[in-house]
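For the sequence shown, the working numbering assigns the number 48 to the initial residue and increments by one for each residue that follows. Note that the Cβ used here is the ideal one computed from N, Cα and C, for glycine as well.
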Amino acid sequence: MKRLAIITARGGSKGLPDKNMLMVNGKPLLSYSIEAALESKCFDDIVLTTDSEEYIELLSHYPISFLHRDKSLASDKSSSFDAIKDVITREQFQGFDYFVLLQPTSPLRTAEQTRQICSYFEEHI
């Protein structure tokens with residue numbers, strides 16, 4: 048099965064500005080989701096969708112895809128669903144059997160847990 052990991056990271060958080068890049072134990076919060084996805088070896092591609100050029104620049108050393116999200120999909124009223132829909136309707140992300148949403152605000156999720164989720168899903172579909 049062909050699997051896509053989607054990581055959503057809006058740059059304009061109001062409650063906690065730039066929360067996705069806050070340093071947690073010496074690393075930006077967003078790094079935990081990226082590294083769990085990479086280390087799990089579950090995914091054929093990993094895409095970070097964001098409206099922040101700064102996030103893309105700071106995280107460009109990771110071997111993942113980046114999708115610059117339009118501001119209209121990154122407002123206070125926009126949902127993760129809007130961002131996901133934008134990703135999966137793009138030609139470059141067609142042909143995947145399923146996707147997994149990895150939210151950057153869940154830094155305790157491990158690569159092993161990510162592997163288990165993918166295995167469980169594939170066993171039960």
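From what residue to what residue does the beta strand (DSSP E) around L69 run?
No residue range can be given for L69, since it is assigned to no beta strand (DSSP E) and is classified by DSSP as neither H nor E.
Can you give me the Cβ contacts of P75 inside the same chain, cut-off strictly under 6 Å, excluding the 5 residues immediately before and after it?
If we look at P75 and ignore the five residues flanking it on each side, its Cβ neighbours are M68.
So, does the stretch 138-157 touch the stretch 78-87, judging by three or more C-beta pairs under 8 Å?
As far as the Cβ criterion goes, the stretch 138-157 touches the stretch 78-87, which means the pair count is three or higher.
Mind checking whether I164 and F146 have CB atoms under 8 Å apart?
Taking 8 Å as the Cβ cut-off, I164 and F146 do not qualify as a contacting pair.
Out of curiosity, what's the CA-to-CA distance linking S100 and H115?
Here residue 100 turns out to be Glu, not Ser, going by the sequence shown. Going by the C-alpha atoms only, they are around 7 Å apart.
Quick test of your reading: F140 and V94, contact by CB under 8 Å. State the CB separation rounded to the nearest angstrom.
The Cβ separation is near 7 Å, so the contact holds.
Give the DSSP bridge partners of R50, in chain order.
Y145, per the DSSP bridge assignment.
Beta-carbon proximity of A158 to G59, cut-off 8 Å:
No, Cβ-Cβ distance for A158 and G59 is not below 8 Å.
Opening and closing residue of the beta strand (DSSP E) in which D92 lies:
Per DSSP, D92 is one residue of the beta strand (DSSP E) stretching across 92-97.
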